[in-house]
Amino acid sequence: MKTCLAGLLILAGPYFAGPYLSAQTLHIGNAGEPETLDPHRYNLRLEETILTDLFMGLTTFNATGETVPGSAASWDVSDDGLTWTFQLREGLQWSDGRPLTAYDFVFAFRRLLDPDTAASLAYFMYMLENAEAVNAGRLPTSALGVQATNARELVLKLGKPYPYLPERLLYPTGHPVPRHVIEKVGDNWIKPEHWVSNGAYALADWQPQSHVRLIRNELFHAPAAIETVVYHPLANEQSAYNRFRTGEVHAVGNFPAGELDWIKANMGDRLRLSPLLSIVYLVFNTTTAPFSDVGVRQALAMMIDRRVLTDQVQRSGNQPNPSFVPEIVDQYQPVALPNGTMSQAERIAKALQLLAAAGFDEANPLNLTLRYVSGTEAKRSSLAIAAFWKRIGVETQLHQSELKVHFADLRQNDFQVAQAGWFGENNAEHYLGLLVSDTGNVNYGRYHNAAYDDLMARARREADLATRNAILREAERLVLPEYPVIPLYRVMIRRLVDPRLQGWHENPRDVHPARFLNWR
Amino acid sequence: MARYLAARLGYSLITFWVIVTLVFFLMRLAPGGPFDGERRLPPEVEANLNAAYNLDKPLAQQYVDYLSMLLSGDLGPSFRQKDFTVNELVVSGLPVSLTIGGLALLFAVLAGVSAGLTAGLRPGSRADIVVMGVTNIGIAMPTIIVAPLAILLFSVTLNWLPAGGIGSWRHYVLPPLALCLPFAAAIARLTRGSVAETLSEPHVRTARSKGLPMHRIVRRHILPIALLPVLSYLGPAAAALLTGSVVVEQVFDLPGIGRYFVQGALNRDYTLVMGVVVVYAGMILLFNLLVDSTYARLDPRIRLSG
Numbered sequence: 002m003k004t005c006l007a008g009l010l011i012l013a014g015p016y017f018a019g020p021y022l023s024a025q026t027l028h029i030g031n032a033g034e035p036e037t038l039d040p041h042r043y044n045l046r047l048e049e050t051i052l053t054d055l056f057m058g059l060t061t062f063n064a065t066g067e068t069v070p071g072s073a074a075s076w077d078v079s080d081d082g083l084t085w086t087f088q089l090r091e092g093l094q095w096s097d098g099r100p101l102t103a104y105d106f107v108f109a110f111r112r113l114l115d116p117d118t119a120a121s122l123a124y125f126m127y128m129l130e131n132a133e134a135v136n137a138g139r140l141p142t143s144a145l146g147v148q149a150t151n152a153r154e155l156v157l158k159l160g161k162p163y164p165y166l167p168e169r170l171l172y173p174t175g176h177p178v179p180r181h182v183i184e185k186v187g188d189n190w191i192k193p194e195h196w197v198s199n200g201a202y203a204l205a206d207w208q209p210q211s212h213v214r215l216i217r218n219e220l221f222h223a224p225a226a227i228e229t230v231v232y233h234p235l236a237n238e239q240s241a242y243n244r245f246r247t248g249e250v251h252a253v254g255n256f257p258a259g260e261l262d263w264i265k266a267n268m269g270d271r272l273r274l275s276p277l278l279s280i281v282y283l284v285f286n287t288t289t290a291p292f293s294d295v296g297v298r299q300a301l302a303m304m305i306d307r308r309v310l311t312d313q314v315q316r317s318g319n320q321p322n323p324s325f326v327p328e329i330v331d332q333y334q335p336v337a338l339p340n341g342t343m344s345q346a347e348r349i350a351k352a353l354q355l356l357a358a359a360g361f362d363e364a365n366p367l368n369l370t371l372r373y374v375s376g377t378e379a380k381r382s383s384l385a386i387a388a389f390w391k392r393i394g395v396e397t398q399l400h401q402s403e404l405k406v407h408f409a410d411l412r413q414n415d416f417q418v419a420q421a422g423w424f425g426e427n428n429a430e431h432y433l434g435l436l437v438s439d440t441g442n443v444n445y446g447r448y449h450n451a452a453y454d455d456l457m458a459r460a461r462r463e464a465d466l467a468t469r470n471a472i473l474r475e476a477e478r479l480v481l482p483e484y485p486v487i488p489l490y491r492v493m494i495r496r497l498v499d500p501r502l503q504g505w506h507e508n509p510r511d512v513h514p515a516r517f518l519n520w521r
Numbered sequence: 016m017a018r019y020l021a022a023r024l025g026y027s028l029i030t031f032w033v034i035v036t037l038v039f040f041l042m043r044l045a046p047g048g049p050f051d052g053e054r055r056l057p058p059e060v061e062a063n064l065n066a067a068y069n070l071d072k073p074l075a076q077q078y079v080d081y082l083s084m085l086l087s088g089d090l091g092p093s094f095r096q097k098d099f100t101v102n103e104l105v106v107s108g109l110p111v112s113l114t115i116g117g118l119a120l121l122f123a124v125l126a127g128v129s130a131g132l133t134a135g136l137r138p139g140s141r142a143d144i145v146v147m148g149v150t151n152i153g154i155a156m157p158t159i160i161v162a163p164l165a166i167l168l169f170s171v172t173l174n175w176l177p178a179g180g181i182g183s184w185r186h187y188v189l190p191p192l193a194l195c196l197p198f199a200a201a202i203a204r205l206t207r208g209s210v211a212e213t214l215s216e217p218h219v220r221t222a223r224s225k226g227l228p229m230h231r232i233v234r235r236h237i238l239p240i241a242l243l244p245v246l247s248y249l250g251p252a253a254a255a256l257l258t259g260s261v262v263v264e265q266v267f268d269l270p271g272i273g274r275y276f277v278q279g280a281l282n283r284d285y286t287l288v289m290g291v292v293v294v295y296a297g298m299i300l301l302f303n304l305l306v307d308s309t310y311a312r313l314d315p316r317i318r319l320s321g
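Chains as they are written, first to last, in the working numbering: chain A, 2 to 521; chain B, 16 to 321.
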């Protein structure tokens with residue numbers, strides 16, 4: 002009977018009647034294979050996607066990606082912004098029926114910062130009191146600023162005010178882990194046969210490079226509609242596109258940008274575009290001549306036409322972003338680069354003048370190497386940028402390398418000009434922090450400006466969000482005309498989603514927890 | 016004979032050790048490390064990670080540790096697939112790679128021998144010209160072209176077969192087909208050549224003049240001789256097919272060890288890449304050893320010298 006039905010479905014429709022699906026199961030294409038499902042050891046966005054279905058931290062996402070109470074029902078902040086008291090939701094349980102208490106959260110935060118856990122994102126919680134010292138092994142985990150007053154009240158003590166704490170607690174680094182299982186089976190707690198979690202789903206099966214199968218957690222306080230969710234790691238964009246079109250998966254992340262126009266014309270009801278909280282930018286190595294010269298940086302920055310870059314060269318939906326903070330960050334008014342209103346001719350004249358002041362002219366042109374991560378889109382962008390610079394006589398050598406090499410070299414400050422990107426949070430500090438002197442090697446260009454550092458430090462001492470954002474804005478206004486970076490664009494997430502799937506809402510974090518999804 | 020094989024085995028072990036050593040140090044020479052990403056890693060965190068995976072020890076020490084681990088059959092923990100050991104990953108991926116490679120070998124032999132036989136029995140005929148033309152294309156078209164075309168035609172356009180992943184038998188049709196094509200073409204050409212040659216041998220002519228039916232002549236008098244060169248080609252072909260599915264596994268999203276190899280290399284997952292290399296190298300050396308021993312059996316000169 003089942004095969005008959007499958008046969009009928011094949012005849013019924015070319016795309017979505019895939020014979021490989023059962024009606025209840027949701028198949029989602031994920032960008033790759035998770036490296037771990039241990040929330041404290043995770044590192045990748047594609048892991049975050051699955052972990053958000055498996056666990057729930059103190060706060061969580063709603064269907065539109067906003068931060069809402071999760072395992073905590075409510076919280077209070079002290080006036081100095083240093084003490085956060087969370088009241089847990091009543092009747093919380095693990096997927097094996099054990100009650101989940103504030104003590105589990107204490108265990109989890111200590112585990113995250115324990116050096117033995119070797120959590121690569123442990124620093125996400127460095128705002129906790131003594132966190133850095135605990136993580137470096139200088140203090141015992143018991144010194145960490147986290148306490149349970151009783152089974153339902155958790156107190157987080159911070160070293161410095163951090164008004165974005167509820168947002169930060171969304172990440173898997175803030176997820177609780179089942180102490181009672183870990184103490185019994187150790188590192189094997191992550192295997193499906195021992196699996197216990199507190200999210201809307203539990204892990205049923207994990208075949209590396211094939212699939213991760215989740216099954217609904219009936220003990221979750223608001224059980225999900227879809228019983229089984231299978232995440233498939235897809236090797237690349239083309240394979241995502243193919244497998245969506247054959248109906249093997251119901252939702253996929255990015256498909257090849259070149260298909261966008263065809264999809265708009267032919268499968269418009271399946272196309273979902275949403276701007277991602279992200280900034281792609283060019284970074285100058287400010288420690289080497291001539292890029293230590295603000296004039297040279299400005300000349301190069303002025304020649305970039307963001308609109309041409311995104312709309313005519315890339316044509317993949319990316320949006321020009323003339324500020325370093327993405328324009329879609331909440332409660333923050335980003336500062337745009339100067340010179341926005343100049344005409345092309347005025348720009349060229351001014352840029353030539355700046356280059357001449359730095360000693361470059363037709364006889365002695367500026368030669369530079371632009372580095373980017375291998376890939377079609379980055380290559381096209383780099384060619385366009387080289388063409389923009391050609392207009393003022395700049396000779397650009399393109400140098401591509403694979404992702405690891407690219408960022409390893411950038412961190413070692415081994416480049417002249419390079420493409421880079423920063424993704425993630427809904428707050429300005431996340432982006433502006435990259436240009437602070439003591440940020441370390443992700444301040445790739447080793448930009449240093451004492452006045453900027455002071456402003457950022459002042460912002461970081463401020464507990465009130467509005468005041469803090471005002472100081473951050475002042476910092477952005479100070480730093481942009483110095484051109485340590487040239488902001489280029491925000492990434493547009495291109496997804497294909499089965500139109501029968503309800504509850505799928507585009508949002509700037511691009512999160513789509515399975516518990517809010519349902520079949521029409 | 017025994018001495019010959021012992022010598023071959025000795026050479027294989029030395030080759031194996033050289034491969035393992037080369038790959039071990041080449042991996043470390045590549046810029047970037049297993050824990051690099053776009054995100055910031057504070058020095059404390061990096062120190063914790065390096066200590067957890069023994070990357071803080073001197074390189075020579077790491078090498079010795081790795082070799083002694085390998086001798087005890089342990090390929091170590093994966094640096095990036097943190098929830099699995101390399102042994103677990105190989106155990107889960109190898110059957111997929113072997114199935115795809117084995118099926119491809121089977122398809123290649125079936126298609127190649129029948130096409131080569133058809134062409135070789137009537138040299139110069141229309142069938143011969145068609146087969147030779149098709150095999151020329153088959154040899155010239157790399158898998159990386161054939162596989163996406165096959166997906167476009169059979170999965171996306173016709174929707175007959177899935178575009179990737181594993182599950183039912185339907186997932187095992189396109190990947191082996193795409194993989195076997197150049198090998199089938201090579202086998203077809205080999206078969207055709209030696210069948211055509213055997214046709215003019217005196218014993219075949221005698222058989223024909225005795226009035227034996229053609230199918231009997233083919234089975235008894237032509238194939239056993241004509242297939243000898245094909246058999247000797249099968250050794251390296253089997254090794255290449257069973258280990259050569261890296262491209263096919265990428266294109267078809269297959270959870271085989273070839274895909275681990277690619278991802279491991281990109282992620283600087285030292286132990287995972289080493290593990291796959293150990294398995295691949297072991298398999299290729301094993302097949303070569305098998306071929307050598309078959310030669311030894313067939314060729315009296317080797318038997319005598321042994």
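Every residue gets a Cβ at the ideal spot worked out from N, C-alpha and C, and that includes glycine.
Taking the alpha-carbon positions, what's the Arg204/B to Arg23/B distance? Working through the second sequence from its first residue, we reach residue 204/B at position 189. Working through the second sequence from its first residue, we reach residue 23/B at position 8. Distance between the alpha carbons of Arg204/B and Arg23/B is about 30 angstroms.
On the DSSP letters alone, give me the boundaries of the beta strand (DSSP E) that Thr370/A sits inside. By one-based count along the first sequence, residue 370/A stands at place 369. Bounds of the beta strand (DSSP E) holding Thr370/A are Asn368 to Val374.
Is any beta-carbon of chain A found at less than 8 angstroms from that of Phe50/B? Numbered from 1 along the second sequence, position 35 holds the residue referred to as residue 50/B. Cβ-Cβ to chain A under 8 angstroms: yes for Phe50/B.
How would you list, in chain order, the residues of chain B whose beta-carbon sits under 7 angstroms from the beta-carbon of Thr247/A? As a first step, residue 247/A is located in the first sequence; it is residue number 246 there, counting from the start. Near Thr247/A (Cβ distances below 7 angstroms), the residues of chain B are Ser170, Val171, Asn174, Pro177 and Ala178.
Contacts around Val210/B, its chain only, beta-carbon distance under 7 angstroms, and the 5 residues preceding and following it disregarded: In the second sequence, counting from the first residue as 1, residue 210/B sits at position 195. Here the set comprises Gly131, Leu132, Gly135, Leu136, Ile237 and Ala241.
State buried or exposed for Asp80/A, treating a residue as buried only when at least 16 other CB atoms are found within 10 Å of its CB. For the purposes of this step, residue 80/A is identified with residue 79 of the first sequence, where counting begins at 1. By the neighbour-count rule (16 or more Cβ atoms within 10 Å), Asp80/A is not buried but exposed.
Which residues of the segment 392 to 413 of chain A have a Cβ closer than 8 angstroms to any Cβ of chain B? Give them in chain order. Result list: Glu403, Leu404, Lys405, Val406, Phe408, Ala409, Asp410 and Arg412.
DSSP beta-bridge partners of Asn151/A: Locating residue 151/A in the first sequence gives position 150, where the first residue counts as 1. Beta-bridge pairing links Asn151/A to Glu154/A.
Among Val418/A, Thr377/A, Lys405/A and Glu403/A, the one whose alpha carbon lies nearest that of Val395/A: Here the question's residue 395/A lines up with position 394 in the first sequence. In terms of Cα proximity to Val395/A, the closest of Val418/A, Thr377/A, Lys405/A and Glu403/A is Val418/A.
Residues near Asn444/A in its chain [Cβ-Cβ closer than 8 angstroms; skip 5 each side]: Taking the first sequence and counting its residues from 1, one reaches residue 444/A at position 443. Non-local C-beta neighbours of Asn444/A in its own chain, meaning closer than 8 angstroms and more than five positions away in sequence, comprise Leu435, Leu436, Val437 and Ser438, ordered along the chain.
Would you list, in sequence order, the uninterrupted beta strand (DSSP E) runs of no fewer than 3 residues that lie entirely inside the segment 124 to 174 of chain B? If we require 3 residues or more, the segment 124 to 174 of chain B turns out to have no beta strand (DSSP E) run fully inside it.
Residues in the same chain with beta-carbon distance under 7 angstroms from Asp97/A, minus the five sequence neighbours each way, listed in chain order, please. The residue labelled residue 97/A in the question sits at position 96 within the first sequence. Counting only Cβ-Cβ distances below 7 angstroms, and skipping sequence neighbours, we find Val197.
Under 8 angstroms, do Leu59/A and Leu170/A count as touching if we go by C-beta distance? Here residue 59/A refers to the residue found at position 58 of the first sequence. Here residue 170/A refers to the residue found at position 169 of the first sequence. The answer is yes: Cβ separation under 8 angstroms.
Out of Val69/A, Gly259/A and Tyr172/A, which one is the CA nearest neighbour of Gly376/A? By one-based count along the first sequence, residue 376/A stands at place 375. For Gly376/A, the nearest C-alpha among the options comes from Gly259/A.
Under a CB-based cut-off of 8 angstroms, is Gly290/B close to chain A? Position 275 of the second sequence, counting from 1, holds the residue named residue 290/B. For Gly290/B, the answer is no, since every Cβ of chain A falls outside 8 angstroms of its Cβ.
Extract the residue ranges of the alpha helix (DSSP H) inside the segment 202 to 255 of chain A, only unbroken runs of 4 or more that lie entirely within it. Listed in chain order, the complete alpha helix (DSSP H) runs (minimum 4 residues) inside the segment 202 to 255 of chain A are 238 to 246.
Could you name the residues of the same chain whose beta carbon sits closer than 6 angstroms to that of Phe517/A, not counting the 5 residues immediately before and after it, in chain order? Translated into the one-based positions of the first sequence, residue 517/A becomes position 516. Excluding its 5 nearest sequence neighbours in each direction, Phe517/A has C-beta neighbours in its own chain below 6 angstroms: Ala64 and Gly504, listed in chain order.
What is the C-beta distance between Gly153/B and Leu189/B, in whole angstroms, given that I count them as a contact (C-beta under 8 angstroms)? Your numbering for residue 153/B matches position 138 in the second sequence. Your numbering for residue 189/B matches position 174 in the second sequence. Beta-carbon to beta-carbon, Gly153/B and Leu189/B are separated by about 16 angstroms, too far to satisfy the 8 angstroms threshold.
The segment 231 to 259 of chain A: which residues have C-beta closer than 8 angstroms to a C-beta of chain D, in chain order? This model lacks chain D altogether; the protein chains it does include are A and B.
Smallest Cα separation from Met457/A: which of Arg46/A, Ala476/A and Gly441/A? The residue labelled residue 457/A in the question sits at position 456 within the first sequence. Measuring from the Cα of Met457/A, the nearest candidate turns out to be Ala476/A.
Cβ closer than 8 angstroms: which chain B residues qualify as neighbours of Arg459/A? Counting from 1 along the first sequence, the entry for residue 459/A is found at position 458. Those within 8 angstroms of Arg459/A in chain B number zero; the least Cβ separation is about 22 angstroms.
Between the alpha carbons of Asp306/A and Phe325/A, how many angstroms are there, rounded? As a first step, residue 306/A must be located in the first sequence, where it is residue number 305. As a first step, residue 325/A must be located in the first sequence, where it is residue number 324. Asp306/A and Phe325/A: Cα-Cα distance of roughly 16 angstroms.
Show which residues of chain A have a CB atom less than 8 angstroms away from the CB atom of Val294/B. On the second sequence, residue 294/B is found 279 positions in, with the first residue counted as 1. Near Val294/B there are no residues of chain A at all, since even the closest Cβ is about 15 angstroms away, more than 8 angstroms.
Is it the case that the segment 290 to 306 of chain B contacts the segment 240 to 256 of chain B, given that we only count it when at least three CB pairs across the two stretches are under 8 angstroms? Yes, since at least three Cβ pairs between the segment 240 to 256 of chain B and the segment 290 to 306 of chain B fall closer than 8 angstroms, the two stretches touch.
Could you work out which residue in Asn189/A, Leu220/A and His233/A is closest to Gly180/B when comparing CA atoms only? For the purposes of this step, residue 180/B is taken as residue 165 along the second sequence, with counting starting at 1. Looking at the Cα atoms, His233/A is the closest of the given residues.
Residues in its own chain within less than 6 angstroms of Ile29/B by CB, not counting five upstream and five downstream? If you number the second sequence from 1, residue 29/B lands on position 14. The answer is none, since no qualifying residue turns up.
Return the residue from the list Thr370/A, Gln94/A and Arg392/A that minimises the CA-CA distance to Ala350/A. Position 349 of the first sequence holds residue 350/A. Among Thr370/A, Gln94/A and Arg392/A, the Cα nearest to that of Ala350/A belongs to Arg392/A.
According to a CB-to-CB cut-off of less than 7 angstroms, which residues of the segment 445 to 469 of chain A neighbour chain B? Per Cβ criterion, the list is empty.
For the segment 98 to 112 of chain B, list every residue whose C-beta sits within 9 angstroms of some C-beta in chain A, in sequence order. When C-beta distances to chain A are compared with 9 angstroms, the residues of the segment 98 to 112 of chain B below that value are Asp98, Phe99, Glu103, Leu104, Ser107, Gly108 and Val111, in chain order.
Could one say the Cβ of Asn136/A lies closer than 8 angstroms to chain B's Cβ atoms, at least one of them? For the purposes of this step, residue 136/A is taken as the residue at position 135 of the first sequence. Yes, because at least one Cβ of chain B sits closer than 8 angstroms to the Cβ of Asn136/A.
With contact counted as at least three CB pairs below 8 angstroms, one residue from each stretch, are the segment 403 to 418 of chain A and the segment 320 to 339 of chain A in contact? At 8 angstroms Cβ cutoff, the stretches do not touch.
By Cβ distance, which residues of its chain are closer than 6 angstroms to Glu228/A, with the 5 residues on each side in sequence left out? Taking the first sequence and counting its residues from 1, the one referred to as residue 228/A is at position 227. Taken in chain order, the residues that qualify are Gln25 and Arg217.
For His230/B, count neighbouring C-beta atoms within 10 Å of its own C-beta (all shown protein chains included) and say buried if the count is 16 or more, exposed if not. The sequence position of residue 230/B within the second sequence is 215, counting from 1. Here His230/B is exposed. Its C-beta has fewer than 16 other C-beta atoms within 10 Å.
What are the residues of the segment 177 to 198 of chain A that lie near chain B, defined by any Cβ-Cβ distance shorter than 8 angstroms? Result list: Ile191 and Lys192.
Below 8 angstroms between beta carbons: does that hold for Ala201/A and Asp54/A? On the first sequence, residue 201/A is found 200 positions in, with the first residue counted as 1. On the first sequence, residue 54/A is found 53 positions in, with the first residue counted as 1. Yes, Cβ-Cβ distance for Ala201/A and Asp54/A is below 8 angstroms.
Starting from Ala493/A, trace the beta strand (DSSP E) both ways and give me its first and last residue. The sequence position of residue 493/A within the first sequence is 492, counting from 1. A quick correction: the sequence has Met, not Ala, at residue 493/A. Taken as a continuous stretch (DSSP letters only), the beta strand (DSSP E) holding Met493/A covers Met493 to Val498.
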